[in-house]
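Participant:
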Amino acid sequence: MKLEQILLDDQKRIRGLFRQVQVLEQRAPEMISGVSGELFLDLELHARAELEHVFPQLLSDLNDSSIAGDLGQAREAQLDVMREVEALKALNPGAEDWPRRMGDFRRTIDLHFDHELRQVFPLIRHFRSDLSSQLADRILEERQRTLGRPERSPMRPEVAQNPHGGEQKRKVG
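At position 134 of the sequence shown (counting the first as 1) the number is 134 in my numbering, and the numbers step up by one without a gap.
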């Protein structure tokens, strides 16, 4: 699997989880904490992939001062996302300003992902195919280790029980 595809899949999954949280606010507020926990975990995994693997590799491969500035901005934006994730984790999903904060955060993430598509992805396309595959493999292995930890298992249920009856099936992996 190529690196670009992993990051695109992350974006798609995260946007889908934001939509689920939005729907659950209306239909099943008691399920928000589980889905938002999964959302925050996916955001953390995406950020770690970029901060620990993608950005350092881009800097070492391209070695261009103009790119360093763009990557510095992308890195800082990723760190801002992580700070907001931590702030939202501290909030109770039943809090009065939760829907507003999540809506603002969703818009921030949409802008962040659009920036990645315009600025970072064209740089990733310059990687050699074997390097892209190696980075993708490292990221996937690290994710498996992270998701395999006992404290993370509740965030990845294959089937989530709806308190109003029925089950919501989720893709595994």
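For each residue, glycine too, the CB sits at the ideal point set by N, CA and C. Small disclaimer: the values here were computed from a predicted structure and weren't measured.
Out of curiosity, what's the CA-to-CA distance linking Asp104 and Ala95?
Facilitator: Each residue's Cα considered, the two are about 15 Å apart.
Participant: Can you find the residues in the same chain that come closer than 6 Å, C-beta to C-beta, to Glu25, ignoring five residues on each side of it along the sequence?
Facilitator: Pro99
Participant: Could you check whether His112 and Ala77 sit closer than 7 Å to each other, using their CB atoms as the reference points?
Facilitator: Contact flag set, yes.
Participant: Our contact map puts Asp61 next to Phe127 with C-beta atoms below 8 Å; I'd like the distance itself, whole angstroms only.
Facilitator: 7 Å
Participant: Among Leu45, Asp64, Leu88 and Ser133, which one has its Cα closest to the Cα of Arg145?
Facilitator: Leu45
Participant: How many whole angstroms separate the CB atoms of Ala47 and Leu59, which I take to be in contact at a CB cut-off of 8 Å?
Facilitator: Not really, about 17 Å apart at Cβ, beyond 8 Å.
Participant: Once DSSP output is grouped into helix, strand and coil, what is the label at Arg138?
Facilitator: Helix.
Participant: Within 10 angstroms of its Cβ, does Glu50 collect 16 or more other Cβ (buried), or is it exposed?
Facilitator: buried
Participant: Drop a sphere of 10 angstroms on the beta-carbon of Arg143, count the other beta-carbons inside from all chains shown, and report buried for 16 or more, exposed for fewer.
Facilitator: buried
Participant: Report back the beta-carbon spacing between Ile124 and Val54 to the nearest angstrom; my notes put them in contact at under 8 Å.
Facilitator: 7 Å
Participant: Taking buried to mean at least 16 other C-beta atoms within 10 Å of its own C-beta, is Asp64 buried or exposed?
Facilitator: exposed
Participant: Within 6 Å: the Cβ of Glu141 and any heavy atom of the ligand COA?
Facilitator: This structure simply doesn't include the ligand COA, nor any ligand for that matter.
Participant: What is the DSSP secondary structure of Pro93, counted as helix, strand or coil?
Facilitator: coil
Participant: Could you give the C-beta distance for Ile139 and Ile14, rounded to a whole number, given that I count them as a contact under 8 Å?
Facilitator: So it is not a contact: roughly 15 Å between Cβ atoms.
Participant: Go ahead and pull the three-state DSSP assignment for His126.
Facilitator: coil
Participant: Kindly indicate which residue of Arg118, Ser129, Gly72 and Gln134 has the alpha-carbon position closest to the one of Leu8.
Facilitator: Arg118
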